[in-house]
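Read through the structure below, which is laid out as structure tokens, and then see the notes.
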DNA sequence: GTACTCACG
DNA sequence: ACGTACGTGAGTACA
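In the UniProt record's numbering, the protein residues as written are 1 to 844.
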């Protein structure tokens with residue numbers, strides 16, 4: 001309700017507003033017809049309870065509301081609409097009730113919400129003419145004949161919407177119809193019409209919305225009043241409206257910090273742009289505005305250049321390619337300050353402009369200062385630093401279906417304010433960066449990495465659609481077969497994809513024992529189904545179905561949708577999202593392409609080199625996280641294992657099972673030791689390890705004790721890290737990437753434990769991320785320096801994927817591992833494994 | 001929009 | 001007694 005009001009006000013920017021309510025159950029209509037709305041369900045009591053609060057909120061918002069005894073809201077609206085129309089207002093009626101569309105007229109538009117409030121259908125006289133061939137007022141004549149079920153008046157027997165429309169089109173009105181009713185051919189309908197003439201006229205009156213309700217207020221009383229932010233804030237507090245509260249507090253802050261004016265110069269044409277040609281010194285603030293998240297394809301909206309405290313804006317994006325501006329952006333001497341450098345590089349490249357010399361990225365810096373601040377919105381981010389110059393994009397453009405561009409002035413002001421925000425916040429953020437000891441992390445890792453990632457995204461990777469399409473055919477067939485089998489065994493058809501329906505079949509109809517519950521019902525996840533496998537053959541079929549359905553929907557069909565016209569997939573790496581410093585990949589995610597199971601792994605056949613002279617080449621770090629742990633903890637035993645190049649899991653097995661030689665380690669011991677190693681990296685707990693290995697907690701605890709006894713400095717490191725988190729409020733990677741852990745002090749066991757595990761895991765996962773990021777930067781530079789044609793295409797956390805011309809293979813097989821292993825100097829060696837082939841599948 | 005499930009490191 | 005292994009993204013169902 002509140003949300004809808006906000007969007008309406010935002011969208012229409014009205015001068016006058018009235019919200020009308022129904023007063024009560026009895027109106028002049030019930031006097032005319034006792035059963036009027038007789039079948040209508042009682043207003044739900046919870047809505048009734050809310051009404052006084054809604055009215056209070058309207059008061060605070062400065063909106064007039066009204067209800068009137070004996071009349072419906074419709075009549076108030078109808079009367080006011082006509083009154084406003086006669087005084088040359090543009091009227092918009094917003095309602096969920098189609099009946100009101102009869103009010104549509106010149107200068108009166110009726111917007112009916114459909115499907116909740118997300119979609120609106122606008123009714124105008126033209127629309128009526130086009131769609132129905134009648135006027136809005138003739139809707140009343142139709143209703144007179146067909147009646148209205150929801151308002152419970154009958155109309156003429158046997159006449160429904162279709163017939164009513166035909167009759168109204170033919171005769172024009174009910175009155176005219178009855179003037180000519182005798183001339184009609186003999187029919188049952190004619191009889192009904194004649195017999196029920198009185199009913200028809202009664203219904204006509206019932207359907208007619210009053211436009212002469214005696215209102216005790218004037219049009220001027222509906223003028224929008226300034227809203228009372230203070231009262232609204234306390235109202236939201238009282239009502240526990242958290243989401244609106246935040247917005248209101250922010251808005252009122254905007255009010256209080258009466259925004260400083262901003263002026264800008266509009267660049268209208270090339271001549272205007274050319275006037276910027278004497279710029280030889282930076283910094284230049286540059287804001288490139290796109291409409292949509294995916295900058296590989298989003299529309300260009302405009303740009304702003306901030307130069308010497310002046311702001312130059314334009315929505316003519318071509319002006320970026322005029323020599324004056326292009327020179328500024330491509331100059332390696334003039335420094336540029338931006339928000340989201342990677343987005344800016346890719347966007348400009350689409351215009352043939354190569355961005356160089358960026359030395360400040362507000363998004364990147366604030367992410368490093370605190371990775372929880374991963375807002376991709378300049379305004380919101382600035383507001384969190386108490387800079388109230390720029391609004392958020394949602395405040396300016398709106399959200400969801402309502403998202404749209406403001407007028408040109410609004411847009412230019414927004415862009416200029418964004419540029420000014422980047423400019424004014426810079427010294428503050430850079431100062432904090434230095435205080436955090438993160439200058440190197442920004443200058444030498446994240447900022448150069450953004451350029452490397454941009455190139456990878458722009459190049460993309462070739463994906464053979466035909467390979468996926470062939471898979472799709474086979475998978476569909478398999479799905480069909482399994483589906484039939486499952487329905488047979490279940491004795492009925494149901495939606496296998498619905499956990500709810502599946503749960504009912506398995507645990508209620510087939511009476512299998514429910515192993516685990518979720519918040520909403522039975523769990524049907526893999527581990528549950530695995531334990532039920534032996535109880536009923538249907539379970540295996542469901543597991544098979546799940547596996548294939550996943551491949552089909554997410555990978556085959558999902559990937560097909562993302563192939564561009566150049567036959568390539570251009571993912572976007574999110575560089576400022578994860579809490580640990582890893583990248584993530586979206587649209588599509590190329591970091592979770594199946595590999596563990598053969599069926600899914602086949603997807604990788606579709607990822608191929610650009611041409612037959614090249615191969616896909618892949619190198620991955622072996623056990624980076626454990627090596628990082630060995631380094632950071634300085635544990636001699638663990639370091640020894642890596643220095644001697646032992647199999648780390650077997651080595652751990654020997655330690656925790658007290659064996660004296662590697663030969664004594666059997667497969668099961670190694671498997672368990674591997675799980676313990678993983679657990680350590682995740683921030684071990686007996687509970688988690690027990691669950692993973694399906695052993696008792698006690699036994700898990702024994703493993704852990706044994707592990708820490710054998711790797712004592714690992715234990716020490718874990719304890720120290722938690723202590724540090726408690727003392728400083730954050731933990732750090734080797735390169736000083738930070739993660740804050742406020743929950744470390746929580747009295748809530750669950751939250752505190754989580755924070756403790758995070759404290760142990762983040763420095764390890766994050767340092768591994770630092771390392772591969774350095775490797776990527778060095779790798780790109782090496783390729784460039786050596787003028788190789790090899791392209792770096794993808795990163796999957798501990799793995800880099802390249803496209804390599806065969807004549808460069810020999811060099812690359814040496815170069816990549818060399819660069820990756822030397823990215824950083826640890827107390828233990830880094831090890832890299834490589835492979836290549838004619839597709840990503842073969843590069844294993 | 002949230003819950004569930006499952007793909008990856 | 002408490003009760004979760006760490007970090008992600010996407011498809012589907014359902015309110």
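C-beta atoms are modelled at their ideal positions from N, C-alpha and C, and glycine is treated no differently.
Mind the definition here: the region 182-200 touches the region 58-74 only if three or more C-beta pairs lie below 8 Å; say whether that holds.
-> By the Cβ rule, the region 182-200 does not count as touching the region 58-74, because fewer than three pairs are nearer than 8 Å.
Residue 676, buried or exposed, once every other Cβ within 10 Å from all chains shown has been counted against 16 | Per the 10 Å Cβ criterion, buried.
Span of the beta strand (DSSP E) holding residue 462?
-> Residue 462 -> beta strand (DSSP E) spans 461-463.
Would you identify the three-state DSSP class for residue 662, choosing helix, strand or coil?
-> Correct three-state label for residue 662: helix.
Excluding sequence positions up to five away, which residues of its chain have a Cβ less than 8 Å from the Cβ of residue 479?
-> Closer than 8 Å at Cβ, skipping near neighbours: 545, 548, 549, 552.
Residue 513 (DSSP reduced to helix, strand or coil) | Correct three-state label for residue 513: coil.
Residues that residue 306 bridges to, as DSSP identifies them | For residue 306, which the question treats as bridged, DSSP gives the partners 285, 311.
Based on Cα-Cα distance, which residue from 534, 16, 482, 156 lies nearest to residue 497?
-> Comparing Cα-Cα distances from residue 497 to each of 534, 16, 482, 156, the minimum goes to 482.
Boundaries of the alpha helix (DSSP H) in which residue 760 is found, first to last residue = 749-785 is the span of the alpha helix (DSSP H), which, as asked, contains residue 760.
What did DSSP end up calling residue 66 once you bin it into helix, strand or coil?
-> It is a strand residue.
Pair within 8 Å by beta-carbon distance, residue 839 and residue 608 = Going by C-beta atoms, residue 839 is nearer than 8 Å to residue 608.
Looking only at C-alpha atoms, which of 639, 770, 32, 540 sits nearest to residue 205?
-> Closest option to residue 205, judged by alpha-carbon separation, among 639, 770, 32, 540: 32.
Limits of the alpha helix (DSSP H) - the one that residue 96 falls within = Taken as a continuous stretch (DSSP letters only), residue 96 belongs to no alpha helix (DSSP H), as it is neither H nor E.
Rounded separation between residue 816 and residue 619 - CA only = Cα to Cα, the separation comes out at about 7 Å.
Give the DSSP-derived three-state secondary structure of residue 17 in the structure shown.
-> DSSP, read as helix, strand or coil, puts residue 17 in coil.
For residue 414, which of 402, 397, 96 has the nearest alpha-carbon?
-> Measuring from the Cα of residue 414, the nearest candidate turns out to be 397.
Under 8 Å by Cβ, that's how I've got residue 804 and residue 812 pegged, so tell me the actual separation to the nearest angstrom.
-> With a Cβ gap of about 5 Å, residue 804 and residue 812 count as contacting.
Backbone secondary structure at residue 448 - three-state DSSP | Assignment of residue 448 by DSSP, reduced to helix, strand and coil, places it in the helix class.
What residue range is occupied by the uninterrupted alpha helix (DSSP H) comprising residue 858?
-> The structure shown does not extend to residue 858, since the chain is modelled only from 1 through 844, so no value can be given for it.
So what's residue 712 in DSSP terms, helix, strand or just coil?
-> Secondary structure at residue 712: helix, using DSSP grouped into helix, strand and coil.
Using DSSP with H/G/I as helix, E/B as strand and the rest coil, what is residue 184?
-> Annotated three-state conformation of residue 184 is coil, per DSSP.
Kindly indicate which three-state DSSP category residue 732 falls into: helix, strand or coil?
-> Of the three classes helix, strand and coil, the one that applies to residue 732 here is strand, per DSSP.
Sub-8 Å separation of residue 291 and residue 304 beta-carbons = No, Cβ-Cβ distance for residue 291 and residue 304 is not below 8 Å.
Which full runs of the beta strand (DSSP E) of 3+ residues lie inside the region 148-180, going along the chain?
-> Fully enclosed beta strand (DSSP E) runs of 3 or longer: not present.
What distance in whole Å lies between the Cβ atoms of residue 422 and residue 337, which are believed to be in contact at a cut-off of 8 Å?
-> Between residue 422 and residue 337 the Cβ distance is about 5 Å, and since that is below 8 Å, they are a contact.
Please confirm whether residue 283 and residue 335 have their CB atoms less than 8 Å apart.
-> Pairing residue 283 with residue 335 gives a Cβ-Cβ distance under 8 Å.
Which residue or residues does DSSP assign as beta-bridge partners of residue 121?
-> Beta-bridge pairing by DSSP links residue 121 to 112.
Nearest candidate by alpha-carbon position, reference residue 795, set 132, 807, 776, 540 | The residue with the shortest Cα to Cα distance from residue 795 is 776.
Are the CB atoms of residue 681 and residue 764 nearer to each other than 8 Å?
-> Result yes, Cβ atoms of residue 681 and residue 764 sit closer than 8 Å.
Unbroken beta strand (DSSP E) runs of length 3 or more, entirely within the region 523-598: which are they?
-> Given a length threshold of 3 residues, each whole run of the beta strand (DSSP E) inside the region 523-598 is given here in chain order: 572-574, 584-586.
Between the Cα of residue 135 and those of 299, 153, 168, spot the shortest distance and give me the residue it belongs to.
-> The residue with the shortest Cα to Cα distance from residue 135 is 168.
So is residue 399 buried or exposed if we call it buried at 16+ other beta carbons inside 10 Å?
-> So residue 399 counts as exposed.
Indicate the three-state DSSP secondary structure (helix, strand or coil) for residue 356 in the structure shown.
-> Collapsing the DSSP output to three states places residue 356 in coil.
Looking at residue 310 and residue 265, is the spacing between their C-beta atoms short of 8 Å?
-> Their beta carbons are under 8 Å apart, which means residue 265 touches residue 310 by this criterion.
Taking residue 653 and residue 670 to be in contact with their CB atoms under 8 Å, please state how far apart those CB atoms are, rounded to whole angstroms.
-> About 5 Å; that satisfies the 8 Å criterion.
If you run the structure through DSSP and keep just helix, strand and coil, what is residue 406?
-> Three-state result, residue 406: coil.
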